[in-house]
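Peer 1: Before I ask anything, let me first share the structure, which is written out below as structure tokens.
Residue numbers (this note's numbering): 192 to 843.
Okay, structure coming up:
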């Protein structure tokens with residue numbers, strides 16, 4: 192596996208033609224020195240931006256050079272200055288957004304079924320009028336990429352192609368090809384499937400073209416998400432960059448979900464956040480240091496490299512305050528990366544994703560709720576799709592909206608026969624109205640009268656108040672012929688429908704006969720309710736307690752448990768070449784202080800944290816690294832006196 196440079200900056204430079212003196216204040220030595228002092232090891236610089244302008248002296252497309260580019264050699268000088276400081280300099284090329292091209296080549300625009308172009312009107316600000324790579328635009332992209340490769344030669348470290356997504360299109364070129372393939376361009380599903388094939392083909396063709404001229408540079412195609420949508424074209428990439436700015440629309444749950452899937456695709460990964468308080472284009476803002484620490488260190492806790500987004504001001508001078516901030520994060524990052532890269536994550540479970548390969552960033556409430564809840568319980572897990580191998584895991588978790596199929600049913604049966612355990616919720620793995628044959632109950636439709644009220648007794652009721660009944664607000668399934676029922680519920684007096692209602696929210700429990708809402712047999716624990724979507728919706732503590740009890744039943748010996756707050760996260764990375772396992776502990780708390788984004792303002796200290804670890808390697812010694820502070824070890828238990836935001840425990 193090719194290892195990425197660990198501490199990167201993605202230096203946006205989308206610069207309007209209405210601004211003069213572009214790059215006029217650029218000083219190569221100062222530019223590179225500031226990056227070096229901030230412990231940056233790679234900086235992505237711009238060949239062509241979303242406005243469509245070039246930042247080098249083009250001989251193929253002189254008309255596209257930024258009209259006010261004062262330094263005609265800006266790109267080359269940036270690359271050489273960074274190289275002089277030992278810093279890599281991949282090059283950015285935009286693909287589907289290019290305002291210059293969109294204005295001049297309407298025949299290359301992506302077209303909706305009604306003939307309108309994708310993106311806003313040209314009379315309004317924004318460069319979001321998307322371009323189709325099946326048109327003559329492909330030839331231009333090929334030639335401009337070739338020009339960059341010729342310009343830099345062996346100095347080219349990498350190519351970052353941006354805005355390369357699945358965008359359904361019915362332009363003339365796409366309609367022609369769809370007709371030739373016998374596809375109906377009036378069918379939305381067929382158009383989307385064709386768009387997926389088209390963009391995968393573009394990536395494969397472009398990578399092959401690049402390799403004809405350069406055998407070493409990195410290649411990445413950015414769509415703002417890495418997931419099942421990426422798997423079919425993964426061979427076109429050298430690595431994966433997981434764009435995930437928590438304050439920029441992705442939120443704090445996006446990264447751990449995409450990271451747990453992307454690391455299964457067999458390539459090195461880098462997370463990408465931003466120095467911005469909000470998102471891209473927020474030139475003058477600075478993210479809180481604690482927030483940037485959390486985002487960068489969380490990437491490291493997955494064994495990933497880190498990229499921090501910045502934007503170069505039009506005059507070409509880096510913002511000194513930005514690089515002081517980045518340095519405060521990247522210097523401690525550099526001190527710790529040896530205990531994370533390279534490494535192998537230790538996992539005991541996998542969560543099946545329901546993400547469609549035809550969509551980017553289509554994360555359901557169930558997968559987001561599962562990721563949140565399971566991290567809070569310190570479960571070590573991957574996120575996989577149904578085509579991946581189940582055998583490395585002791586436990587497979589099937590959220591409520593994972594579609595079933597005969598193939599999935601067979602894989603689940605084989606998994607349980609081999610000793611694996613399954614936790615399934617609601618309609619998870621349902622195929623044509625039936626659960627897999629290995630499930631311990633029969634699906635008999637959705638329960639009409641709900642919510643259900645969980646009776647707090649039995650095997651899964653540990654930690655619940657025995658005199659209380661607990662509402663599961665979301666609609667559950669009716670379980671028939673339930674084998675070994677381990678959780679029961681009662682129904683409301685009547686469903687809240689039309690004029691028949693009681694009080695503000697729902698009709699209370701009628702206190703009648705309890706019926707099964709969870710069954711456990713043959714290695715499968717089946718819940719009638721969509722517990723993970725329910726947790727995502729309003730995070731009931733009793734739902735987490737029920738899932739915790741379920742995990743204790745299914746995995747009594749876990750890789751790690753701790754007695755800290757639920758906001759403490761622990762990830763285990765194994766490093767066989769160093770004969771050690773490292774526990775990465777994070778203690779930062781995002782808070783919804785604003786109406787739109789979560790804020791991390793300070794580190795949160797976790798004191799006297801006790802870890803209980805049952806790891807394959809075994810250990811007799813533990814220490815905090817890189818500080819080298821020995822920790823008390825009692826059998827499988829390690830005591831960490833204080834976690835100040837981030838701590839790494841080396842176990843040998």
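Where is the CB? At the ideal position from N, CA and C, for every residue including glycine.
Would you report the Cα separation of residue 465 and residue 483, rounded to the nearest angstrom?
Peer 2: Those two C-alpha atoms are separated by around 8 Å.
Peer 1: Measuring alpha carbon to alpha carbon, tell me which of 353, 214, 654 ends up nearest residue 261.
Peer 2: Cα-wise, what sits closest to residue 261 is 214.
Peer 1: Considering only the beta carbon of each residue, do residue 537 and residue 571 sit closer than 9 Å?
Peer 2: Yes. Within cutoff.
Peer 1: Taking the beta carbon of residue 194 as the centre, do at least 16 other beta carbons fall within 10 Å, making it buried, or is it exposed?
Peer 2: Counting Cβ neighbours within 10 Å, residue 194 comes out exposed, since fewer than 16 surround it.
Peer 1: Cutting at 6 Å between CB atoms, please list the residues of its own chain near residue 290, excluding the five before and the five after it.
Peer 2: 242, 243, 318.
Peer 1: Examine the Cβ distances between the segment 286-302 and the segment 261-276 and report whether three or more of them are shorter than 8 Å.
Peer 2: With the cut-off at 8 Å, the segment 286-302 and the segment 261-276 do not touch.
Peer 1: Can you give the Cα-Cα distance for residue 660 and residue 737, rounded to whole angstroms?
Peer 2: Whole-angstrom Cα-Cα distance: 13 Å.
Peer 1: When you compare each of 492, 287, 400 to residue 763 by their alpha carbons, which one comes out closest?
Peer 2: Measuring from the Cα of residue 763, the nearest candidate turns out to be 492.
Peer 1: To the nearest angstrom, how far is the alpha carbon of residue 403 from that of residue 349?
Peer 2: Near 14 Å, if we compare the C-alpha coordinates of residue 349 and residue 403.
Peer 1: Leaving out the 5 sequence neighbours to the left and right, which residues in its chain are closer than 6 Å to residue 837 when beta-carbon positions are compared?
Peer 2: Contacts found: 488, 777.
Peer 1: By the DSSP assignment, the beta strand (DSSP E) with residue 199 in it spans what residues?
Peer 2: Note, residue 199: beta strand (DSSP E), 198-203.
Peer 1: Taking the alpha-carbon of residue 357 as reference, which of 351, 375, 384, 379 has the nearest alpha-carbon?
Peer 2: Ranking 351, 375, 384, 379 by Cα distance to residue 357 puts 384 first.
Peer 1: Does the segment 361-379 come within contact of the segment 320-332, defined as at least 3 CB pairs closer than 8 Å?
Peer 2: Touching, per the Cβ criterion.
Peer 1: According to DSSP, simplified to helix, strand and coil, what is residue 710?
Peer 2: Reduced to three states, the DSSP call for residue 710 is strand.
Peer 1: Ignore the nearest five residues each way along the sequence and tell me which others in residue 274's own chain have a CB closer than 8 Å to its CB.
Peer 2: Cβ within range, chain order: 280, 346.
Peer 1: With DSSP as the reference, label residue 340 as helix, strand or coil.
Peer 2: Three-state result, residue 340: helix.
Peer 1: Can the beta-carbon of residue 632 be found less than 9 Å from the beta-carbon of residue 543?
Peer 2: No.
Peer 1: From this set, 624, 641, 640, 643, which residue's C-alpha is nearest residue 634's C-alpha?
Peer 2: The option with the nearest alpha carbon to residue 634 is 624.
Peer 1: Tell me the start and end of each unbroken beta strand (DSSP E) in the segment 738-769 that is at least 3 residues and wholly inside, in chain order.
Peer 2: List check, beta strand (DSSP E) in window: 751-753, 759-766.
Peer 1: Where does residue 801 fall in DSSP's three states?
Peer 2: Residue state, collapsed to three classes: strand.
Peer 1: In this structure, how does DSSP classify residue 419 when only helix, strand and coil are distinguished?
Peer 2: If DSSP states are grouped into helix, strand and coil, residue 419 belongs with the helices.
Peer 1: Alpha carbon to alpha carbon, what distance is there between residue 209 and residue 335?
Peer 2: Answer to the nearest angstrom: the Cα atoms are 23 Å apart.
Peer 1: What do you get for residue 730, buried or exposed, if any count of 16 or more other CB atoms within 10 angstroms of its CB means buried?
Peer 2: Its Cβ having fewer than 16 others within 10 Å, residue 730 is exposed.
Peer 1: Provide the residue span of the alpha helix (DSSP H) that contains residue 228, from first to last.
Peer 2: Per DSSP, residue 228 belongs to the alpha helix (DSSP H) from 219-228.
Peer 1: In terms of residue numbering, what span does the beta strand (DSSP E) encompassing residue 302 cover?
Peer 2: Per DSSP, residue 302 belongs to no beta strand (DSSP E) and is neither H nor E.
Peer 1: Measure the beta-carbon distance from residue 596 to residue 644 and round it to whole angstroms, keeping in mind my assumption that it falls under 8 Å.
Peer 2: Contact flag wrong, Cβ pair sits at about 33 Å.
Peer 1: Please report the Cβ distance between residue 703 and residue 682, rounded to the nearest whole angstrom; I am assuming they are in contact, meaning their Cβ atoms lie under 8 Å.
Peer 2: Confirmed, about 6 Å.
Peer 1: Closest to residue 841 by C-alpha separation, out of 719, 529, 618, would be which residue?
Peer 2: For the residues 719, 529, 618, the minimum Cα distance to residue 841 belongs to 529.
Peer 1: Mind listing, in chain order, the continuous beta strand (DSSP E) runs of no fewer than 3 residues lying wholly within the segment 312-390?
Peer 2: Counting whole runs of 3 or more residues, the segment 312-390 contains the beta strand (DSSP E) stretches 349-353.
Peer 1: Which residue spans inside the segment 505-568 form an unbroken alpha helix (DSSP H) run of at least 4?
Peer 2: List check, alpha helix (DSSP H) in window: 511-527, 556-567.
Peer 1: Identify the continuous alpha helix (DSSP H) that holds residue 603 and give its terminal residues.
Peer 2: 597-608 is the extent of the alpha helix (DSSP H) around residue 603.
Peer 1: Kindly indicate which three-state DSSP category residue 246 falls into: helix, strand or coil?
Peer 2: Reduced to three states, the DSSP call for residue 246 is coil.
Peer 1: Hey, could you find the ends of the alpha helix (DSSP H) residue 291 is sitting in?
Peer 2: Residues 290-295.
Peer 1: Could you check what DSSP says for residue 626 in three-state terms: helix, strand or coil?
Peer 2: Here residue 626 sits in coil by DSSP.
Peer 1: Tell me, which residues are paired with residue 276 by DSSP?
Peer 2: For residue 276, which the question treats as bridged, DSSP gives no partner whatsoever.
Peer 1: Hey, out of 426, 469, 585, 460, whose CA is closest to residue 441's CA?
Peer 2: Considering only alpha carbons, the answer is 469.
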